[in-house]
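Working notes, beginning with the structure itself.
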Amino acid sequence: MHGDLLGILLSVILIALCLAIAFIVSKFGKRRLGDASSEIARKIVHIGVSNWFFVYYHVFESDIWPILGLGAFTVINLILNVSGSLAVLMGQSSKKRNWGLVEYPISVILLIVLKMLGVGDAVCVGCGLLCMGYGDGLAALVGRAIKSKKFGLGGKKSVAGSVTMALVTFVIFIALKLGYGSAASTGAVVLVALLAALLATLVEAYTPFGLDNISVPLTIYLVSVLV
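Numbered according to my numbering, the sequence shown spans residues 59 to 285.
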């Protein structure tokens with residue numbers, strides 16, 4: 059119980075810190091970064107919050123409290139998004155809606171539920187969450203910085219961004235599986251990491267309705283169960 063309470067406290071601190079940094083970037087970075095400041099601010103939250111996995115893995119004692127916390131975060135996110143407050147915080151127009159940030163905690167809840175059902179383990183949760191957070195976040199920033207051909211559903215994904223997504227997923231997958239002691243051989247982990255990177259990149263590029271924040275982590279999670 060003490061671990062769960064500490065986990066909730068650290069979760070709140072992490073989210074608040076990410077939002078504060080995003081606000082500072084969006085507020086004071088416009089002169090130097092221009093319109094890119096709002097996108098960078100959004101991705102700071104996207105990437106930063108994914109580090110919650112380490113709180114989940116090392117601090118929480120049960121799965122119920124993380125799910126309750128994520129559920130509350132989803133409701134707050136939804137209210138802020140519908141009201142336009144979330145967009146303003148990111149330096150965007152109040153008419154802008156960031157549904158990806160609402161889907162974010164929902165996807166993590168789904169990953170934890172799968173773990174509770176006996177499909178995969180806590181490291182699989184980390185693979186899904188961190189690969190989505192860093193992979194998708196860095197892919198968007200690199201894709202914006204480096205001009206390259208577009209592809210995917212609606213031609214919205216860039217080759218540079220997708221290559222970044224694949225590389226980041228590959229590296230994080232291997233680091234987590236080997237770092238947290240996968241029973242599989244290093245060769246098997248590398249092969250499955252390649253599969254995860256390929257599938258995650260394709261799913262991210264072709265998922266409709268902007269639901270890639272759910273489809274990508276679920277895909278990586280299910281692949282990670284293999285090792």
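For glycine and all other residues, C-beta sits at the position ideal for the given N, C-alpha and C.
- The C-alpha of A254 is placed about 14 Å away from the C-alpha of A263.
- V83 is the residue among V83, F111, Y114 and W110 whose C-alpha sits nearest the C-alpha of R100.
- Listed in chain order, the alpha helix (DSSP H) runs fully inside the stretch 117 to 196 are 122 to 141, 143 to 147, 157 to 174 and 180 to 188, counting runs of at least 4 residues.
- S220 carries a helical assignment under DSSP once its states are collapsed to helix, strand and coil.
- Take the alpha-carbon of V117 and the one of K207: they are about 43 Å apart.
- In this structure, DSSP gives K101 a helical state, which the three-state scheme calls helix.
- The beta carbon of N135 sits closer than 8 Å to the beta carbons of L144, L159, V160, Y162 and P163 from its chain, once the five residues preceding and following it are set aside; these are given in chain order.
- In this model, V177 and V229 are separated by some 23 Å (Cα to Cα).
- Pairing S95 with W157, the inter-Cα distance amounts to about 19 Å.
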